[in-house]
Amino acid sequence: MPPNDGGGGLRNFFSAPLAETDPPVAAALADELNRQRDTVPLIASENLVSRAVLDAQGSVLTNKTIEGYPGRRYHSGARNADALERLAIERAKTLFGCRFANVQPHSGSQANQAVLLLALKPGDAILGMALNAGGHLSHGAPANLSGKWFKAVSYGVRREDGLIDYDEAERQAAAHRPKLVIAGGSSYPRVIDFARLRWIADSVDALFLVDMAHFGGLVVGGAHPNPFPHAHIATTTTFKSLRGPRGAVILTNDEALAKRLDSAVFPGLQGSALVAAIAAKAVCFGEALRPEFKTYARAVLANARALAAAFARRGYDIVTGGTDTPLLLVDLRRHGLKGNVAAASLERAGLDCNMNSVPFDAEKPNITSGLRFGAAAGTTRGFGTADFDRIGDLAADLLDGLRTNPTEIATVERTVAAAIGELTRRCPIYPG
Ligand code: DSN
Numbered sequence: 017m018p019p020n021d022g023g024g025g026l027r028n029f030f031s032a033p034l035a036e037t038d039p040p041v042a043a044a045l046a047d048e049l050n051r052q053r054d055t056v057p058l059i060a061s062e063n064l065v066s067r068a069v070l071d072a073q074g075s076v077l078t079n080k081t082i083e084g085y086p087g088r089r090y091h092s093g094a095r096n097a098d099a100l101e102r103l104a105i106e107r108a109k110t111l112f113g114c115r116f117a118n119v120q121p122h123s124g125s126q127a128n129q130a131v132l133l134l135a136l137k138p139g140d141a142i143l144g145m146a147l148n149a150g151g152h153l154s155h156g157a158p159a160n161l162s163g164k165w166f167k168a169v170s171y172g173v174r175r176e177d178g179l180i181d182y183d184e185a186e187r188q189a190a191a192h193r194p195k196l197v198i199a200g201g202s203s204y205p206r207v208i209d210f211a212r213l214r215w216i217a218d219s220v221d222a223l224f225l226v227d228m229a230h231f232g233g234l235v236v237g238g239a240h241p242n243p244f245p246h247a248h249i250a251t252t253t254t255f256k257s258l259r260g261p262r263g264a265v266i267l268t269n270d271e272a273l274a275k276r277l278d279s280a281v282f283p284g285l286q287g288s289a290l291v292a293a294i295a296a297k298a299v300c301f302g303e304a305l306r307p308e309f310k311t312y313a314r315a316v317l318a319n320a321r322a323l324a325a326a327f328a329r330r331g332y333d334i335v336t337g338g339t340d341t342p343l344l345l346v347d348l349r350r351h352g353l354k355g356n357v358a359a360a361s362l363e364r365a366g367l368d369c370n371m372n373s374v375p376f377d378a379e380k381p382n383i384t385s386g387l388r389f390g391a392a393a394g395t396t397r398g399f400g401t402a403d404f405d406r407i408g409d410l411a412a413d414l415l416d417g418l419r420t421n422p423t424e425i426a427t428v429e430r431t432v433a434a435a436i437g438e439l440t441r442r443c444p445i446y447p448g
């Protein structure tokens, strides 16, 4: 028998459970499991993955170093890594109906950075949706690399209806002649006119990137328009509505772009791919290829709309008046509430969401006048439209309480927490 001591005298290095070897870490994991079990998950950038995805992600594949692409690796022992990456690529292409996929990006931001690296030189212009209008940090926000190293110009939304101001995008493109036009974002709840933005990109010979991080799962489930054939390149994270591990994919139909994208990801931006994450992406894509995923995707959309309707019924403003995606944005300005205070109260009652700037928000990003909600994780948990209607009512009870009687909010939070407990116990997660 080998010593089984990790080469340094540690007892049962290959077999001792975490609870024995590192109790503080094990305690935090156990507490996190309980927290997730007892919470209604409404953070738009989260979901609950299957046991199968967890198994792939938490596997011995974490030991493997690979650089390069299947069949062209720089390290030996890549037999299973190659098979898994090929499988993930094939499944991603089938899911999104496109010809090429890179499944190595560690995150959505790195997927977008790979596109920047491919398309631009430092100082070149990019045109994306402004962060405070619903865009994403990696689309040219001043604090992000994309805004610091490139000349980032932006388009926003219209004051009257919160919808993308395509005329402004066209004017900005004509004035700055960007090399890359980006669609998508973190808190824009409506279908984007991909054809119009592609036309704008074509008018200045720019590449057109669609970042579908939030609605990618709805695209593969047939509940949202596909950015192809309009996009030259599309990126999506894998952990939001797509319901997989942390990470992202890059997709295209253009062979020449695909080759340059591969080089931009490795060696341009990343070193070794995360093989365990690629295996978990393959599992997630396999799940998304099943017919049941279409049912889930339709339910995500119906649930997001039910939640928006519940807030509206209770007198709260929904940016754009509704949603075509898994997310919705509640504008608290008319009620004089702050997003940070409201999110903290919801969390104490067992509702997880995030404070979020609303378009034309006068508050700082760490205060905000809005709350962003997502329906994907709650749908995975098993909640239907009646549950989301109830969840909206419970959240509105808290907002009403903060508005009318903030000193007594703890009483409302206890009442709402009891109702949340009934919901979460009815739809349990991760048994055992
Ligand atoms: N972009 C962040 C969000 O939407 O919450 C993280 O994915």
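Just so we're aligned, residue 17 is where the sequence shown starts under my numbering, counting upward by one.
For every residue, glycine included, the Cβ atom is placed at its ideal position computed from N, Cα and C.
1) With distance defined between alpha-carbon atoms, name the residue in Ala108, Ala130, Ile180 and Ser92 nearest to Leu147.
2) Would you kindly check if the distance between the Cβ of Val207 and the Cβ of Phe112 is under 8 Å?
3) At which residue ranges does the stretch 388-420 contain complete alpha helix (DSSP H) runs of 4 or more residues, listed in the order of the chain?
4) Label Phe30 either buried or exposed according to how many other C-beta atoms from any shown protein chain fall within 10 Å of its C-beta, with 16 as the threshold for buried.
5) Please state whether DSSP places Phe376 in a helix, a strand or coil.
6) Beta carbon of Thr253: closer than 7 Å to some heavy atom of the ligand DSN?
7) Using 8 Å as the threshold, is the C-beta distance between Gly263 and Asp227 below it?
8) Starting from Thr431, follow the alpha helix (DSSP H) in both directions and report where the run begins and ends.
9) Taking the alpha carbon of Ile334 as the reference point, which residue from Leu415, Gly178, Ala365 and Ile425 has its own alpha carbon closest?
10) Per DSSP, Ile216 is paired with what?
11) Give me the DSSP bridge partner(s) of Tyr85.
12) Kindly provide the chain-ordered list of residues whose Cβ lies closer than 5 Å to any non-hydrogen atom of the ligand DSN.
13) Just to confirm, is the Cβ distance from Leu345 to Pro205 under 8 Å?
14) If you compare alpha carbons, which of Leu161, Met145, Ala393 and Phe376 is closest to Ser385?
15) To the nearest angstrom, report how far apart Phe301 and Gly260 are at their CA atoms.
16) Considering just the uninterrupted stretch of the alpha helix (DSSP H) at Leu167, what are its terminal residues?
17) Just the Cα atoms here: how many angstroms apart are Leu223 and Ile198?
18) Is it buried or exposed for Ala159, if we count other Cβ within 10 angstroms and need 16 for buried?
19) Check for me: the alpha helix (DSSP H) holding Ala320 runs from which residue to which?
20) Tell me which residue opens and which closes the beta strand (DSSP E) that Ile59 is part of.
21) Which residues mark the beginning and the end of the beta strand (DSSP E) in which Trp344 is found?
22) If contacts are defined as beta-carbon pairs under 8 Å, then Ala320 and Thr339 qualify, I think. What distance do you get, rounded to the angstrom?
23) Rounding to the nearest angstrom, what Cα-Cα distance links Gly139 and Ala189 in this structure?
24) For Leu143 and Cys114, I'd like the C-alpha separation in whole angstroms.
25) Quick check on DSSP: helix, strand or coil for Val226?
26) In whole angstroms, give me the CA-to-CA distance for Ala242 and Asp209.
27) Identify whether Phe157 lies in helix, strand or coil by the three-state DSSP scheme.
28) Relative to the C-alpha of Val432, which residue among Ile407, Asp270, Ser257 and Ala272 is closest?
29) Among the residues of its own chain, which have a CB less than 7 Å from the CB of Cys443, if the five just before and after it don't count?
30) Is Gly448 near the ligand ZN, going by C-beta to nearest heavy atom under 7 Å?
31) Measuring only the C-alpha atoms, how far is Ala274 from Gln286?
32) Measure from the alpha carbon of Leu134 to the alpha carbon of each residue in Ala44, Glu106 and Leu225, then state which is nearest.
33) Ala292 to Val65, Cα distance in whole Å?
34) Alpha carbon to alpha carbon, how far is Thr252 from Ser288? Give it in angstroms, no decimals.
Taking the definition as stated:
1) As a position in the sequence shown, residue 147 is number 131, starting the count at 1. Closest by alpha carbon: Ile180.
2) By one-based count along the sequence shown, residue 112 stands at place 96. By one-based count along the sequence shown, residue 207 stands at place 191. Cβ distance not < 8 Å, so Phe112 and Val207 don't count as in contact.
3) 392-397 and 401-420
4) Your numbering for residue 30 matches position 14 in the sequence shown. Exposed, since its Cβ has fewer than 16 Cβ neighbours within 10 Å.
5) Here residue 376 corresponds to residue number 360 of the sequence shown, with the count starting at 1. In the structure shown, Phe376 sits in coil (DSSP, three-state: anything other than H, G, I, E or B).
6) Taking the first residue of the sequence shown as position 1, residue 253 is located at position 237. The answer is yes for Thr253.
7) Counting from one through the sequence shown, the residue named residue 263 turns up at place 247. Counting from one through the sequence shown, the residue named residue 227 turns up at place 211. In this structure, Asp227 does not lie closer than 8 Å to Gly263 by Cβ.
8) Within the sequence shown, numbered from 1, the residue matching residue 431 stands at position 415. Its alpha helix (DSSP H) spans residues Ile425 to Arg442.
9) The residue given as residue 334 occupies position 318 in the sequence shown. Checking every option, the nearest Cα to that of Ile334 belongs to Gly178.
10) For the purposes of this step, residue 216 is taken as residue 200 along the sequence shown, with counting starting at 1. Bridge partners of Ile216: none, in fact.
11) Residue 85 sits at position 69 when you count from the first residue of the sequence shown. BP columns for Tyr85 point to Arg88.
12) Ser61 and Ser202
13) In the sequence shown, counting from the first residue as 1, residue 345 sits at position 329. In the sequence shown, counting from the first residue as 1, residue 205 sits at position 189. Contact flag set, yes.
14) To locate residue 385, count along the sequence shown from 1; it is residue 369. Looking at the Cα atoms, Phe376 is the closest of the given residues.
15) Translated into the one-based positions of the sequence shown, residue 301 becomes position 285. Translated into the one-based positions of the sequence shown, residue 260 becomes position 244. In a straight line, the C-alpha of Phe301 is about 8 Å away from that of Gly260.
16) If you number the sequence shown from 1, residue 167 lands on position 151. The sequence shown places Lys at residue 167, rather than the Leu named in the question. Note, Lys167: premise wrong, no alpha helix (DSSP H); beta strand (DSSP E) at Lys167 to Tyr171.
17) Your numbering for residue 223 matches position 207 in the sequence shown. Your numbering for residue 198 matches position 182 in the sequence shown. Those two C-alpha atoms are separated by around 8 Å.
18) Against the sequence shown, residue 159 aligns to sequence position 143. Exposed is the call here.
19) Position 304 of the sequence shown, counted from the start, is the residue given in the question as residue 320. First-last of the alpha helix (DSSP H) with Ala320: Pro307 to Arg329.
20) If you number the sequence shown from 1, residue 59 lands on position 43. That residue, Ile59, is in no beta strand (DSSP E); it is neither H nor E in DSSP.
21) Mapped onto the sequence shown, residue 344 falls at position 328. The residue asked about is misnamed: residue 344 is Leu in this sequence, not Trp. Looking at the DSSP string, the run of the beta strand (DSSP E) that includes Leu344 is Leu343 to Asp347.
22) Locating residue 320 in the sequence shown gives position 304, counting from the first residue. Locating residue 339 in the sequence shown gives position 323, counting from the first residue. Yes, Ala320 and Thr339 are in contact; Cβ-Cβ is about 5 Å, under 8 Å.
23) Walking along the sequence shown from the start, residue 139 turns up at place 123. Walking along the sequence shown from the start, residue 189 turns up at place 173. So the two alpha carbons sit approximately 16 Å from each other.
24) Looking up residue 143 in the sequence shown gives position 127. Looking up residue 114 in the sequence shown gives position 98. So the two alpha carbons sit approximately 24 Å from each other.
25) By 1-based counting over the sequence shown, the position of residue 226 is 210. Strand, per DSSP.
26) Numbered from its first residue, the sequence shown carries residue 242 at position 226. Numbered from its first residue, the sequence shown carries residue 209 at position 193. Before going on, a small fix: residue 242 reads as Asn here, not Ala. If I take the Cα positions, the gap works out to 11 Å.
27) Locating residue 157 in the sequence shown gives position 141, counting from the first residue. Reading the sequence as shown, one finds Ala at residue 157 and not Phe. Coil.
28) For this step, residue 432 is matched to residue 416 along the sequence shown. If we check each option's Cα against that of Val432, Ile407 comes out closest.
29) The residue you call residue 443 lines up with position 427 of the sequence shown. Answer for Cys443: Arg397, Gly398 and Phe399, listed in chain order.
30) Annotation note on the ligand ZN: not contained in the displayed structure, which lists the ligand DSN as its ligands.
31) The residue you call residue 274 lines up with position 258 of the sequence shown. The residue you call residue 286 lines up with position 270 of the sequence shown. Taking the straight line joining both Cα atoms gives about 16 Å.
32) The residue you call residue 134 lines up with position 118 of the sequence shown. When only C-alpha atoms are compared, the closest one is Leu225.
33) Against the sequence shown, residue 292 aligns to sequence position 276. Against the sequence shown, residue 65 aligns to sequence position 49. So the alpha carbons of these two residues sit roughly 14 Å apart.
34) Residue numbering aside, residue 288 sits at position 272 when the sequence shown is read from its first letter. Residue numbering aside, residue 252 sits at position 236 when the sequence shown is read from its first letter. Cα to Cα, Ser288 sits roughly 20 Å from Thr252.
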